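Visitor: My questions all concern the structure below.
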Amino acid sequence: MSTVIRNGTVVTADLTYPADVKIEGGRIVEIGKGLKGDTELDATGCYVMPGGIDPHTHLEMPFMGTYSSDDFESGTRAALSGGTTMVVDFALPAPGQGLHDALQMWHNKSGRASCDYSYHMAVTWWGEQVFDEMKTVVEKEGITTFKHFMAYKGALMVNDDEMYASFQRLAELGGIALVHAENGDVVAELSAKLLREGNTGPEAHAYSRPTQVEGEATNRAIMIADMTGVPLYVVHVSCEEAHEAIRRARMQGKRVWGEPLIQHLTLDESEYFNADWDHAARRVMSPPFRNQKHQDSLWAGLQSGSLSVVATDHCAFTTEQKRFGVGDFTKIPNGTGGLEDRLPMLWTHGVATGRLTPNEFVAVTSTNIAKILNCYPRKGAILVGADADIVVWDPAKEKTITASAQQSAIDYNVFEGQTVKGLPRFTLTRGHVAVHDGEMRTQEGHGQFVKREANNPVNKALSSWKALTSPRPVERTGIPATGV
Ligand code: DUC
Ligand code: ZN
Ligand code: ZN
Ligand code: ZN
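Going by full-length UniProt numbering, the first residue of the sequence shown is number 1, and it counts up by one from there.
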């Protein structure tokens with residue numbers, strides 16, 4: 001059985017051209033004019049683009065005393081509804097838990113996924129067991145990216161010595177280090193002070209995590225990555241200080257990538273000053289939303305190429321879960337949704353405003369991350385042989401975002417009331433039409449795990465070239481006698 005997407009305009013990260021796309025066995029088999037197939041999908045007036053890849057989700061994650069409310073079923077349904085055809089979640093070992101153990105737990109949850117997925121592994125503690133298991137996680141399990149939380153002191157946070165050891169190990173294995181870059185010690189101090197002084201509301205969450213804590217941690221992670229010769233990917237870059245550090249590192253030839261979120265690009269800190277407690281708490285995430293200066297910096301980074309990927313950090317909690325933090329902002333589960341809205345919001349605020357070209361849109365939502373994660377061109381491409389993960393994008397289609405019509409399991413949407421223009425007409429996951437003119441036809445369990453190989457050795461931080469020469473002690477003629 002073949003499917004042909006007819007009369008559309010193919011848009012990839014580098015090209016725009018009119019063509020039909022033929023799919024068989026879940027893959028693209030032909031691209032050309034006048035193609036025929038058993039099923040035909042009309043793409044007149046639409047762009048035919050690689051499906052989105054969201055490299056940063058937390059589905060059914062145990063966190064802050066609860067679990068995030070979207071699981072692999074509702075989460076991947078939300079993804080497909082919005083044109084995203086692959087998610088990368090984080091396997092999160094509990095303190096002392098082995099990596100393979102944690103991975104098995106995540107494989108058990110993801111059986112319900114309706115689109116393809118991969119994982120990053122989180123390094124939440126350090127020891128010989130983690131050091132040993134990293135090798136088989138990379139070489140046998142196909143997970144090459146390891147996340148380090150520099151915040152969440154007393155829970156997920158790793159210290160500099162642990163991060164240094166883990167980065168060294170990753171450099172040996174050809175992996176990539178990821179960091180959640182916030183100075184967790186300073187955040188803990190500021191949080192305690194704010195609470196002591198009676199600042200208990202959700203706005204205090206933003207006060208406890210100023211841009212300096214993110215800028216400091218980003219710089220520190222870049223330096224440690226450089227000293228160990230590991231490529232670095234900085235998740236949820238929200239401010240100019242962090243962006244500036246990444247920009248500088250890239251100009252020095254270091255392999256560092258930055259990932260802003262659609263929420264930080266389009267929502268600002270005024271959300272925390274809303275008089276309604278629920279409204280503000282629903283938007284509590286780390287890092288918090290910033291002011292326009294920082295938003296402008298993130299947009300400029302996408303335009304200039306100093307920032308590479310737009311993600312969501314989708315970590316959805318219901319209003320009831322958010323209310324765990326009434327009277328103490330540090331107990332509000334951190335996280336916001338966005339999986340379903342990332343592409344339409346970025347199109348509306350990026351492409352329709354003229355800030356990004358459609359090709360740049362494809363690059364930052366799909367192709368760049370497929371290359372970084374080493375699953376390109378199987379993913380992130382419209383090419384013969386690539387997986388048929390495709391979004392047929394109708395730039396004229398409009399809707400107003402509302403929680404009552406969303407796929408996510410939670411009871412609100414941080415983009416509520418925003419009108420977006422640019423939506424999927426069809427979303428295909430390995431050839432299966434999961435979204436058909438607004439109608440959901442997802443298949444639970446259709447999603448497959450995407451194994452990835454360790455990165456090409458060119459993906460090394462700059463100083464690793466120097467590290468190839470082992471330091472030698474200086475030969476001396478005279479050594480003073482010791483002791484008295
Ligand atoms: N930030 C969040 O807001 N939620 C999940 C984890 C994180 O780093
Ligand atoms: Zn994070
Ligand atoms: Zn996250
Ligand atoms: Zn089908």
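Every residue, glycine too, gets a C-beta built ideally from N, C-alpha and C. Given the structure is predicted, the values throughout are model-derived calculations rather than measurements.
Mark M319 as exposed unless 16 or more other C-beta atoms lie within 10 angstroms of its C-beta, in which case mark it buried.
Guide: First, the amino acid is wrong: residue 319 is Thr here, not Met. Its Cβ having fewer than 16 others within 10 Å, T319 is exposed.
Visitor: Using 6 Å as the cut-off, classify the Cβ of D313 as near or not near the heavy atoms of ligand 3, replying yes or no.
Guide: yes
Visitor: Answer with buried or exposed for E398, where buried requires no fewer than 16 other C-beta atoms within 10 angstroms of its C-beta.
Guide: Exposed, since its Cβ has fewer than 16 Cβ neighbours within 10 Å.
Visitor: Tell me the rounded alpha-carbon separation between Y67 and E475.
Guide: 59 Å
Visitor: Within 6 Å: the Cβ of H148 and any heavy atom of ligand 2?
Guide: no
Visitor: In this structure, what does DSSP give as the bridge partners for I176?
Guide: T145
Visitor: Tell me where the beta strand (DSSP E) around F90 begins and ends.
Guide: 84–91
Visitor: Less than 6 Å between the CB of H180 and some heavy atom of ligand 1, yes or no?
Guide: True, at least one ligand heavy atom lies under 6 Å from that Cβ.
Visitor: Could you pull the DSSP bridge partners for W393 from this structure?
Guide: Y47, P424
Visitor: DSSP on A155, reduced to helix/strand/coil?
Guide: coil
Visitor: Among Q104, A405, W299, which residue has its Cα nearest to the Cα of T357?
Guide: The shortest C-alpha separation from T357 is found at W299.
Visitor: Given the structure, does M121 come close to ligand 1, in the sense that its CB is under 6 Å from one of the ligand's heavy atoms?
Guide: It does not: the Cβ of M121 is nowhere closer than 6 Å to a heavy atom of ligand 1.
Visitor: Quick one: residues in its chain with C-beta nearer than 7 Å to the C-beta of P344, no 5 flanking neighbours on either side, listed in chain order?
Guide: G82, V420, G422, L423
Visitor: Under 7 Å between the Cβ atoms of H446 and S114?
Guide: Here H446 is near S114, since their CB atoms are less than 7 Å apart.
Visitor: Buried or exposed for T353, going by 16 or more other Cβ atoms inside 10 Å?
Guide: exposed
Visitor: Compare the beta carbon distance of A122 and F90 with 7 Å and say whether it is the shorter of the two.
Guide: Yes. Within cutoff.
Visitor: Between S404 and I262, what straight-line distance do the alpha-carbon atoms span, to the nearest angstrom?
Guide: If you take the alpha carbons of S404 and I262, they lie about 21 Å apart.
Visitor: Along the chain, where does the alpha helix (DSSP H) containing M105 start, and where does it finish?
Guide: 99–109
Visitor: What's the C-alpha gap between K36 and V4?
Guide: 6 Å
Visitor: Bridge partners of E439, per DSSP?
Guide: According to DSSP, which records beta bridges pairwise, E439 is partnered with H436.
Visitor: For Y152, which residues in the same chain have their Cβ closer than 7 Å to its Cβ, ignoring the five residues on either side in sequence?
Guide: Taken in chain order, the residues that qualify are G184.
Visitor: Quick one: grab the DSSP three-state call for E30.
Guide: Strand.
Visitor: Confirm, please, whether the CB-CB distance from I31 to G431 is below 7 Å.
Guide: Their beta carbons are not under 7 Å apart, which means G431 does not touch I31 by this criterion.
Visitor: Looking at the secondary structure, which residues open and close the alpha helix (DSSP H) in which H58 lies?
Guide: No alpha helix (DSSP H) holds H58; DSSP gives it neither H nor E.
Visitor: From A188 to D387, what does the alpha carbon distance come to, in whole angstroms?
Guide: 45 Å
Visitor: With V235 as the anchor, note down where its alpha helix (DSSP H) starts and where it stops.
Guide: No alpha helix (DSSP H) contains V235, which DSSP labels as neither H nor E.
Visitor: Is H279 helix, strand or coil by DSSP?
Guide: In the three-state reduction of the DSSP assignment, H279 falls in the helix class.
Visitor: Using three-state DSSP, classify D328 as helix, strand or coil.
Guide: In the structure shown, D328 adopts coil according to DSSP, grouped into three states.
Visitor: By Cβ distance below 8 Å, which residues in the same chain neighbour S2 in space, the five residues on each side in sequence not counted?
Guide: K22, I23, E24, V29, G37, D38, T39
Visitor: Where do the ends of the alpha helix (DSSP H) carrying A78 lie?
Guide: 72–81
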